[in-house]
Structures are given as C-alpha cells and as structure tokens.
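K.L.:
One structure, pasted below without further comment.
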Amino acid sequence: MSRLATSVKRDLVVGLGATGLSVARHMQRKALNPVYFDSRDNPPGIEELGSICPDADVLLGDKKMPKGVKRIIASPGIPDSHPLLVEAIANKTEIVSDIELFSEDAGAPYIAVTGSNGKSTVTTLLHYMCRSDGLVALAGGNLGVPALDLLAQKQPDVYVLELSSFQLHRTKNLPAAVAVLLNVSPDHLDWHTDEDEYRRSKYRVYREAKSAVINRADPEALKFTARCERVISFGLDAPEDGQYGLRIDDGQSYLARGETLLLSCRELAMYGVHNQLNALAALAAGDLFGLDMAAMLQVLVEFPGLPHRMQFVARIGAIDFINDSKATNVAAAVASIESVDTMLVLVAGGDGKGGDFEPLAGAVENKLRAAVLVGQDAEKIAHSLDTVMPVSFADTMSSAVSMAADCAESDDTVLLAPACASLDQYSNYMERGDSFCKAVEALKR
C-alpha cells in the first residue's frame, strides 16, 4: 500500500471497522479510488483492506487532514469531536455516512427504521414480514450486514435498514419508502454534542420519506413528517381508524387497527409490553408498504425475539432469569423493568455514557427485591436508586448472578437490564449477555 501521492481531489474514508471495509468493497466495485485513514497505527481491518484494495492509499496514525480531500466518508463510531473531523468541519469539507452512498445507488425501495430502543427487533420483524408475504427482502445497516454490502447482492424487492443516530446525522439524502421512528430518549451523549442534536438526528429519518410511522407518545414526531404522503401512528392506547394500538375485549388485550382486533397479546411469541409496541410499529410500517396482514400476523406468532433482548434464559428454583443485555441505556432498562410483572432482582451497570440514572428509581418502585450492580458506573446507579431495598456490588457477572439468585424469592425475576454500555468490561453487549447466560446455567450444577 502506498501513501497519498496525487493532486486529484478524492474521497477520504475514515475508520477501518466493519463500515469502513464495506465502503472499501463498494468503492472497489465502482472502480473508485479513495484514500483510507485510521488514527491507529495498526487497525484491525488493515489486512482485509489490503485484500480488497491492494493498491489503496492508506494513512495511519496521522490526525491531520491530508490535502486534496473532496469529501469524507466517516464510520459511525467516529464522533465529530475527532480532531480530523473538527478540522474538516472548520474547512466546510462535506462529511457523509455509508448510508448516503447506499441511497445514491439503491435500485429498490427501502424501509428505514430508527429509535433509541427496539430498532433491531422491528427491523427483523419487517424483514420476516416481507418474506412472509413472498417478497425478496434484504436487511442490514446498523444491524448485521453493512448497508453497502447489501448492494453487492442481487437486487431484492425491498431493503430493510436499521439506522443509528450516527448514520442519520451524516446522511444528506434518505428517500425511504417508509420511515419508522420508534422512540427518542437520551442516549449517546458521549458522541452527540447534546440531547437536542441527538433528537434532530433521529427525526431526520422523516425528511425525504414517502410515508412515516410515528409513536403517539412522542408529540414532536408529527411535525417532522409534513412532507410525507401518508402517516400512520402506533401506541399502547386504543387507536383511531387506520391507526395501530391496543384494545381490550372480554378482559384480554389485543393488537388492533382502529376498531379491528388483529391478535391477542397472549399469542405474541415475544415477551413484554415494549415488544407489543414493537409489533404495532412493524404492522404500521408493513401496512404503509402494502404487506398482507395475515402474513404479518403469522410472523408475530412465530418470532420469539432477538437474543439479549428480554431473552428468557432459564427458570431455576421458581425464579425466572431474563437477559436484556441490549438495554444499553436508561430508557431501554426502564422499558425492560416495566415489562416484568413480578418482583425482581435487577442486575445493572457498566458505562453509563453520561446518562441520567434517576428514571430507574421510579421504574423499580414497589417491585424491586434487590439490585446487584457491576461496572464503572455502579456507584452512580446506587445513588440514583436511593432505595431501602438491598444494593450489592459485584466485580464479575458470575458473582452478580450468584448474588441475585440469593436475593430472589419464589416467583421473582432476575433481570439483566444494565442501563449502560458494556465496553468497560466486555467487547460488546452480546458478550455481556452471553456471560450472564453462562452464569445462570452454572447455577444448575
């Protein structure tokens, strides 16, 4: 690989993670020759980049902007506070995401799904619903396969994309067939300048969309959908005609469209009230895209949910153990707690990303048996809980699960809902969830 040695203005790809490498494959397919940059001297993706683009110009370790850059394609994990991007912003150099490149070349319609919580579940539901209705569908983006790698496959009938606030923040044009915003709660304040910027990034999903799904609990959402041709809402209340929500009939709760009862909540394969919301949002999006209702409902009675998202692990000694390691922020943890209708022992903690833990106290009121806290922000969570219930601290997940099991009583639930990121102790939330599951399995021995 050579150093940059040309006067021709070129794109600069910043970051050699999964997204950066997907950009490299995309550029190679288009016979384009950007410059690649990573502030690490030996980034993990450097060898793979060499196999993708043997003659690529690569800059490693430098933090100054090279000359001749016309546009920066930045990986989502790199914030605007990175020295190179600070310089680019000051010089008015355009900064875009991989989703911008996807939008330029996508030949099929796509459904864009975002939200602080639940977007992976809804993206997966919509993917399965499209397939259940006989469509060829590909899903990816922030979940699973990077969006640009989807373009290397045979063109489908529809793409379903999970989008993060990072990706939306840097996407200039996003003409989605359907845009879905599930919810907005403070998150990623270590990346975004402030909560207002984070919210603007989320609402941005609607700007060029043909149609939109909004959460009725979010009064701000509707004003951002003014250009959309159709808008359908969802919520836990009884829905008006053409909208989605819950209705009670003969003592049972049902997913409903207007006054039409669609499916008893007891028949949902997924656990928890928040997954009822996810199901309603997916139905609304599928409705806007023209999917068959029976095909969508079939998915809801079969799909049990994603790993690490209110995942039932085991019942041991009349105690249920639930893994919701994906609850990486306070709002997600609150949703998890509110979905449990028994007394619970909460396992929480990690890197709080600057979030406010106070809402946890209200969520656990009158249902918390005890809390076992781990990770770097355990003390902050303990202070916010401010409860007479026992609070314990553990160094490892194994000891946390053992302590939680000792605190729990018959018919209680031990819930891993960290309210924090995992990177202080684990490589990702999946590893943390796996650690919890292994510790629970060890209790059986």
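Take the sequence shown: its letter number 177 is residue 662 in this note's numbering, and every next letter is one higher. Cβ atoms here follow ideal geometry from the backbone N, Cα and C, with glycine treated the same way.
Kindly identify the DSSP beta-bridge partner or partners of P572.
P.N.:
Here the question's residue 572 lines up with position 87 in the sequence shown. For clarity, residue 572 is Glu in the given sequence; the question names Pro instead. DSSP, once it has assigned bridges, lists no residue as partnering E572.
K.L.:
Whose C-alpha, out of D777, E725, P792, is nearest the C-alpha of Y756?
P.N.:
Residue 756 sits at position 271 when you count from the first residue of the sequence shown. Among D777, E725, P792, the Cα nearest to that of Y756 is on P792.
K.L.:
If you draw a straight line from the C-alpha of K695 to the C-alpha of V832, how long is it?
P.N.:
Working through the sequence shown from its first residue, we reach residue 695 at position 210. Working through the sequence shown from its first residue, we reach residue 832 at position 347. Each residue's Cα considered, the two are about 42 Å apart.
K.L.:
Can you tell me which of the three DSSP states T872 falls into?
P.N.:
Sequence index remark: in the sequence shown, residue 872 carries index 387 (1-based). The answer is coil: DSSP assigns T872 none of H, G, I, E or B.
K.L.:
According to DSSP, is V925 part of a helix, a strand, or is it coil?
P.N.:
Translated into positions along the sequence shown, residue 925 becomes position 440. In the structure shown, V925 sits in a helix (DSSP, three-state: H, G or I).
K.L.:
Could you tell me the distance, in whole angstroms, from the CA atom of T745 to the CA atom of D734?
P.N.:
As a position in the sequence shown, residue 745 is number 260, starting the count at 1. As a position in the sequence shown, residue 734 is number 249, starting the count at 1. Whole-angstrom Cα-Cα distance: 11 Å.
K.L.:
Quick one: what's got a C-beta closer than 6 Å to F921's C-beta in the same chain, skipping five residues either side?
P.N.:
The residue you call residue 921 lines up with position 436 of the sequence shown. Result list for F921: N808, M882, L901, in chain order.
K.L.:
Exposed or buried, L623, counting other C-beta atoms within 10 Å across all chains shown (16 or more means buried)?
P.N.:
In the sequence shown, the residue the question calls residue 623 occupies position 138. Buried.
K.L.:
If you draw a straight line from the alpha carbon of D896 to that of S824, how long is it in whole angstroms?
P.N.:
As a working mapping, residue 896 is identified with position 411 in the sequence shown. As a working mapping, residue 824 is identified with position 339 in the sequence shown. Taking the straight line from one Cα to the other gives about 15 Å.
K.L.:
Whole angstroms are fine: how far does the CA of G500 sit from the CA of R488?
P.N.:
In the sequence shown, counting from the first residue as 1, residue 488 sits at position 3. In the sequence shown, counting from the first residue as 1, residue 500 sits at position 15. Low confidence applies here, because R488 scores a pLDDT of 46, under 50, leaving its location unreliable and the question unanswered by this model.
K.L.:
Is the region 554-564 close to the region 646-654, with three or more CB pairs under 8 Å?
P.N.:
Short answer: they touch.
K.L.:
Considering only the alpha carbon of each residue, which of I717, E693, D880 lies closest to N700?
P.N.:
Against the sequence shown, residue 700 aligns to sequence position 215. Among I717, E693, D880, the Cα nearest to that of N700 belongs to I717.
K.L.:
Could you tell me the boundaries of the alpha helix (DSSP H) in which T504 lies?
P.N.:
Counted from its first residue, the sequence shown places residue 504 at position 19. T504 -> alpha helix (DSSP H) spans 503-514.
K.L.:
Which of the three DSSP states is assigned to Q638 in this structure?
P.N.:
Translated into the one-based positions of the sequence shown, residue 638 becomes position 153. The answer is coil: DSSP assigns Q638 none of H, G, I, E or B.
K.L.:
Taking G839 and G860 to be in contact with their CB atoms under 8 Å, please state how far apart those CB atoms are, rounded to whole angstroms.
P.N.:
Stepping through the sequence shown from its first residue, residue 839 is reached at position 354. Stepping through the sequence shown from its first residue, residue 860 is reached at position 375. That pair is no contact at about 14 Å.
K.L.:
Residue range of the alpha helix (DSSP H) that T710 falls in?
P.N.:
Here the question's residue 710 lines up with position 225 in the sequence shown. That residue, T710, is in no alpha helix (DSSP H); it is neither H nor E in DSSP.
K.L.:
Do E714 and G743 have their C-beta atoms within less than 8 Å of each other?
P.N.:
Along the sequence shown, read from residue 1 onward, the residue named residue 714 stands at position 229. Along the sequence shown, read from residue 1 onward, the residue named residue 743 stands at position 258. The answer is no: Cβ separation not under 8 Å.
K.L.:
Look up G835 in the DSSP assignment and say whether it is helix, strand or coil.
P.N.:
Counting from 1 along the sequence shown, the entry for residue 835 is found at position 350. Reduced to three states, the DSSP call for G835 is coil.
K.L.:
With Y595 as the anchor, note down where its beta strand (DSSP E) starts and where it stops.
P.N.:
Looking up residue 595 in the sequence shown gives position 110. Counting along the chain, the beta strand (DSSP E) containing Y595 begins and ends at 595-599.
K.L.:
Taking Cβ to Cβ, would you say L768 is nearer than 8 Å to L731?
P.N.:
Here residue 768 is taken as the residue at index 283 of the sequence shown, counted from 1. Here residue 731 is taken as the residue at index 246 of the sequence shown, counted from 1. In this structure, L731 does not lie closer than 8 Å to L768 by Cβ.
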